[in-house]
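Enquirer: I have a structure here, written as structure tokens, and I will follow up with some questions on it.
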Amino acid sequence: MEEHILWQDNSLILLDQRTLPLKKERVTCRNSKEVAAAIKAMVVRGAPAIGIAAAYGMVLASLEADREPGPCSSTGELDRIINTAALELEKARPTAVNLAWAISRMLNRYHEVRGRTVAEIQTALLAEARAIKEEDLQNNHAIGRHGLTLLQRDMNVLTYCNAGGLATAGY
């Protein structure tokens with residue numbers, strides 16, 4: 011399956027689920043506000059996919075910071091940018107549990123590396139967002155493997171809510 015949540019050239023590229031199945035269009039988000047708008051407009055759907063998009067939104071927020079070398083203070087501009095982005099992203103879909111979870115995880119990672127250079131913080135946040143996506147993908151594969159043992163030939167399965175590759179990291 012083609013990636014529907016893609017990090018490329020410091021941008022988040024999302025498959026626009028509003029246009030499916032008639033058209034396959036993509037929305038490119040270059041800052042955290044655009045990610046929040048995409049979540050709110052339902053470009054991306056499914057709690058796991060929304061959480062992953064929000065994690066990358068936090069990375070984009072860090073890229074908005076001043077790129078001067080040196081440590082960031084806890085009261086600096088980067089703190090304001092990160093905290094503002096977290097609030098905006100959470101408000102985009104307040105009932106999505108994975109969204110709040112992913113933002114909390116990204117904030118925890120930010121607090122672990124706060125005080126390092128902006129570039130180091132950005133690298134750490136990008137690694138965390140990638141880890142969130144990869145962990146979800148691995149969990150989905152495990153669910154599939156375990157679920158397969160329960161299925162019998164000619165059995166029908168009905169899924170609802172957050173099911174399928176487009177609602178998650180994939181698979």
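For the sequence shown, this note's numbering assigns the number 11 to the initial residue and increments by one for each residue that follows. The beta carbon of each residue, even a glycine, is placed where N, CA and C say it ideally should be. All values reported here derive from a predicted model rather than from experimental measurement.
Determine the burial state of Tyr170: buried for a count of at least 16 other Cβ atoms within 10 Å of its Cβ, exposed for fewer.
Expert: Its Cβ having fewer than 16 others within 10 Å, Tyr170 is exposed.
Enquirer: If contacts are defined as beta-carbon pairs under 8 Å, then Leu24 and Ala48 qualify, I think. What distance do you get, rounded to the angstrom?
Expert: Leu24 to Ala48, Cβ: 6 Å. Contact.
Enquirer: Does the pairing of the stretch 59-74 with the stretch 135-147 give three or more beta-carbon distances under 8 Å?
Expert: The stretch 59-74 is in contact with the stretch 135-147.
Enquirer: Would you kindly check if the distance between the Cβ of Asp26 and the Cβ of Arg40 is under 8 Å?
Expert: No. Outside cutoff.
Enquirer: Return the CA-CA distance between Ala152 and Leu30, expressed in angstroms with no decimal places.
Expert: The alpha-carbon atoms of Ala152 and Leu30 are separated by roughly 27 Å.
Enquirer: Taking just the CA atoms, how far does Arg155 sit from Leu70?
Expert: Each residue's alpha carbon lies about 34 Å from the other.
Enquirer: Can you give me the start and stop residues for the beta strand (DSSP E) that Val69 sits inside?
Expert: Per DSSP, Val69 belongs to no beta strand (DSSP E); it is in the alpha helix (DSSP H), Ala57 to Leu73.
Enquirer: Put Gln132 into one of helix, strand or coil per three-state DSSP.
Expert: Residue state, collapsed to three classes: helix.
Enquirer: Determine the contact status of Glu98 and Ser42, defining contact as a CB-CB distance below 8 Å.
Expert: In contact: Glu98 and Ser42 (Cβ atoms closer than 8 Å).
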